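What follows is a set of notes on a single structure, which appears directly below.
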């Protein structure tokens with residue numbers, strides 16, 4: 033009993049038990065929201081990333097968004113989705129009683145907090161002792177709760193991994209080149225150009241509406257082609273050709289109005305009225321003026337006709353009345369005021385009231401004069417609008433030309449890139465084929481040297497024996513394939529080639545009889561071996577299409593071979609130019625300044641290859657070949 037009294041005394045000293053209970057609920061709610069943030073924030077981010085992926089996918093299926101726009105919209109969607117997720121977690125309201133019931137279940141408090149909340153809010157009535165004990169028990173239980181342990185912050189690894197994968201996919205979809213990028217750029221440029229044309233048309237419409245010299249009907253008539261063009265340009269799927277056609281049509285209609293300030297319907301009505309009046313000799317001049325139409329001139333002719341009514345007979349007046357009635361019918365829809373004046377004049381003539389007929393014709397003349405002045409203002413306004421639309425249409429045409437030029441340049445660049453790739457592939461294939469061909473030639477050389485040497489040794493045995501020591505080294509180092517190929521096509525130098533080959537092969541065959549048979553076999557092998565595509569070699573065997581006339585590579589002209597007199601040769605040792613003036617010697621090292629930009633060891637192999645080809649040819653005398661070979665051996669880099 034003393035314990036209960038002590039508790040009651042303590043509660044009386046601290047009467048705000050409801051505030052303490054709500055403080056605990058508020059702390060627990062914050063912890064619960066933090067745990068939910070760890071779970072739902074990655075989901076909100078994933079939702080924003082998926083939106084960006086959807087936009088990127090659509091942009092790759094059809095022209096829509098550029099790379100910068102995709103990046104901007106993707107970031108915006110991610111930020112919005114994450115913000116909405118956080119707002120829903122932290123700002124979504126929770127009732128205190130519902131929160132108490134939830135935490136009783138989460139913390140295993142056996143409905144202590146919810147019961148205490150009901151007692152403090154008056155939802156549950158009980159005895160004072162039970163009330164005191166229940167509140168104290170709920171306070172002690174709430175104090176023992178550790179929300180960090182009971183509500184740990186945990187991330188779901190599978191969802192985090194899925195978010196990372198989606199981010200990588202979004203980055204790749206934005207970073208990789210979009211196949212519709214050029215189309216999107218062209219479409220955006222077209223939309224910007226069309227937007228400028230719409231602004232120009234709206235400016236023209238405002239200018240027409242602010243013109244004080246125009247009537248409401250004229251303003252509406254001038255704005256009609258502009259409104260039609262604007263309606264066409266406001267279409268989202270409009271093409272460049274359709275936009276240009278809309279501007280051209282508006283320009284055409286305004287150009288017609290700029291001639292006389294009349295629409296096509298009004299012009300047709302005046303023409304028909306003029307045809308009716310032209311059928312009568314008395315009103316023929318008025319009819320011709322209306323057919324042009326020249327309203328000021330027609331007004332003057334009506335005044336003249338009104339003055340001549342007194343001179344007309346009764347029959348002529350009746351006939352004129354019929355023509356005026358027909359003209360009024362033609363003008364009824366487009367010009368009712370003028371039609372009414374002409375009809376009143378016709379009725380007056382039928383009633384033989386010449387004075388009233390003259391007054392009606394004078395009214396018709398005044399109407400035409402007034403309309404002529406208004407039409408001039410309308411024609412001027414139409415001309416100004418037509419000129420501005422013409423400039424706008426030309427700007428659209430220039431934009432079209434630039435777009436076509438860019439497309440043509442892009443196609444040309446793509447074609448050049450394709451040709452470059454094909455050329456590289458062809459070069460690679462040619463190098464592979466040449467390497468294989470050289471390998472096959474290298475394998476066939478040992479079998480061709482001895483027989484060829486035997487054959488040539490027999491034909492040139494004497495010379496082979498006299499220089500066998502010198503040319504033995506030549507036969508070992510020189511490549512015989514190119515020399516053999518030249519023997520088949522250079523008929524004029526056959527003797528010289530045979531001499532060189534015989535000297536090379538003297539030590540190998542010694543001119544024996546075995547060399548004859550070997551040479552014969554090698555001759556056949558030689559023809560087969562030189563059928564490959566090498567410089568200066570042509571396969572002229574039967575059945576081969578690669579037959580053409582021989583084009584000599586070197587055909588020197590010697591002194592005395594033609595009919596021209598032999599030039600004088602001076603052996604004085606003095607070097608002169610064509611005019612006989614002695615030339616001055618100079619030191620090239622002093623005359624030319626500069627530095628070598630290519631390393632010596634990188635160019636030596638190419639030079640040595642050219643020297644080897646020259647040594648295998650017949651243009652270097654045999655006696656100089658050792659000297660040339662020794663020179664390049666001495667300068668060979670270490």
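In my numbering, the protein residues as written are 33 to 670. By construction, the Cβ of each residue, glycine as well, lies at the ideal position given by its N, Cα and C atoms. Since the structure is predicted, the reported quantities are computational estimates derived from the model, not experimental observations.
query: Only counting the same chain, and skipping five residues up and downstream in sequence, which positions put a Cβ closer than 8 Å to that of residue 116?; result: 76
query: Quick one: what does DSSP say residue 179 is sitting in, helix, strand or coil?; result: helix
query: Starting from the C-beta of residue 177, find all residues in its chain whose C-beta is less than 6 Å away, skip the five residues before and the five after it, and write them out in chain order.; result: 139
query: When burial is assigned at 16 or more other CB atoms within 10 Å of the CB, is residue 669 buried or exposed?; result: exposed
query: Assign residue 81 to one of two classes, buried (16 or more other C-beta atoms within 10 Å of its C-beta) or exposed (fewer than that).; result: buried
query: Does the contact criterion of 3 or more C-beta pairs under 8 Å hold for the stretch 89 to 98 versus the stretch 211 to 229?; result: yes
query: For residue 207, does the count of other Cβ atoms within 10 angstroms reach 16, so buried, or fall short, so exposed?; result: exposed
query: Alpha carbon to alpha carbon, what distance is there between residue 631 and residue 518?; result: Its pLDDT being 41, under 50, residue 518 is placed unreliably in this model, and the coordinates cannot settle the point.
query: Measure the alpha-carbon distance for residue 282 versus residue 427 and round it to whole angstroms.; result: 15 Å
query: Would you report the Cα separation of residue 368 and residue 344, rounded to the nearest angstrom?; result: 27 Å
query: Quick check on the burial criterion: 16 or more other C-beta atoms within 10 angstroms. Buried or exposed for residue 155?; result: exposed
query: Around the C-beta of residue 678, are 16 or more other C-beta atoms found within 10 angstroms, so that it is buried, or is it exposed?; result: Because the chain here runs from 33 to 670, residue 678 falls outside it and cannot be looked at.
query: Measure the C-alpha to C-alpha separation of residue 200 and residue 106 and round it to an integer number of angstroms.; result: 13 Å
query: Please determine if the stretch 333 to 344 and the stretch 358 to 368 are in contact, where contact requires at least 3 C-beta pairs separated by less than 8 Å.; result: no
query: Can you list, in chain order, the residues of its chain whose CB lies under 6 Å from that of residue 479, leaving out five sequence neighbours each side?; result: Caution is warranted here: a pLDDT of 41 is assigned to residue 479, below 50, making its placement in the model unreliable, and the coordinate value is therefore given only provisionally. Counting only Cβ-Cβ distances below 6 Å, and skipping sequence neighbours, we find nothing.
query: Give the single residue among 350, 225, 79 and 134 whose Cα lies nearest to the Cα of residue 202.; result: 79
query: For residue 209, tell me which candidate among 411, 222, 647 and 102 has the shortest Cα-Cα distance.; result: 102
query: My output table needs one value for residue 325: the three-state DSSP class, helix, strand or coil.; result: coil
query: Curious, which full-length alpha helix (DSSP H) runs of at least 4 residues does the stretch 328 to 411 contain?; result: 346 to 362 and 368 to 382
query: If you follow the alpha helix (DSSP H) that residue 292 is part of, which residue opens it and which one closes it?; result: 272 to 292
query: When you compare only the Cα positions, how much space is there between residue 135 and residue 142?; result: 10 Å
query: Can you tell me the Cα-Cα spacing of residue 69 and residue 119, whole angstroms?; result: 10 Å
query: Taking all protein chains shown into account, do 16 or more other C-beta atoms lie within 10 angstroms of the C-beta of residue 666, making it buried, or fewer, making it exposed?; result: exposed
query: Would you grab the beta carbon distance between residue 392 and residue 404 for me? Rounded to a whole angstrom, and I think it's under 8 Å.; result: Not really, about 19 Å apart at Cβ, beyond 8 Å.
query: Thinking residue 261 and residue 233 are a contact (beta carbons under 8 Å), I'd like their distance in whole angstroms, please.; result: 6 Å
query: Say yes only if the C-beta of residue 636 is nearer than 8 Å to one or more non-hydrogen atoms of the ligand FMN, and no if none qualify.; result: The ligand content of the structure shown is nil, which means the ligand FMN is not present either.
query: So, with DSSP's three-state summary, where would you put residue 252?; result: helix
query: Within the same chain, show all residues whose beta-carbon is closer than 6 Å to that of residue 63, passing over the 5 residues directly before and after it, in chain order.; result: 179 and 183
query: So is residue 144 buried or exposed if we call it buried at 16+ other beta carbons inside 10 Å?; result: buried
query: In three-state terms, what does DSSP make of residue 51?; result: helix
query: Between the Cα of residue 240 and those of 196, 420 and 636, spot the shortest distance and give me the residue it belongs to.; result: 420
query: Less than 8 Å between C-beta atoms, sequence neighbours within five positions excluded: which residues of the same chain meet that for residue 334?; result: 318, 393, 394, 396, 397 and 400
query: Can you tell me whether residue 60 is buried or exposed? The criterion is at least 16 other CB atoms within 10 Å of its CB, across all chains shown.; result: buried
query: If you compare alpha carbons, which of 309, 314 and 408 is closest to residue 290?; result: 408
query: Is residue 657 helix, strand or coil by DSSP?; result: helix
query: Apply the 10 Å Cβ neighbour rule to residue 293 and answer buried if 16 or more other Cβ atoms are within range, or exposed otherwise.; result: buried
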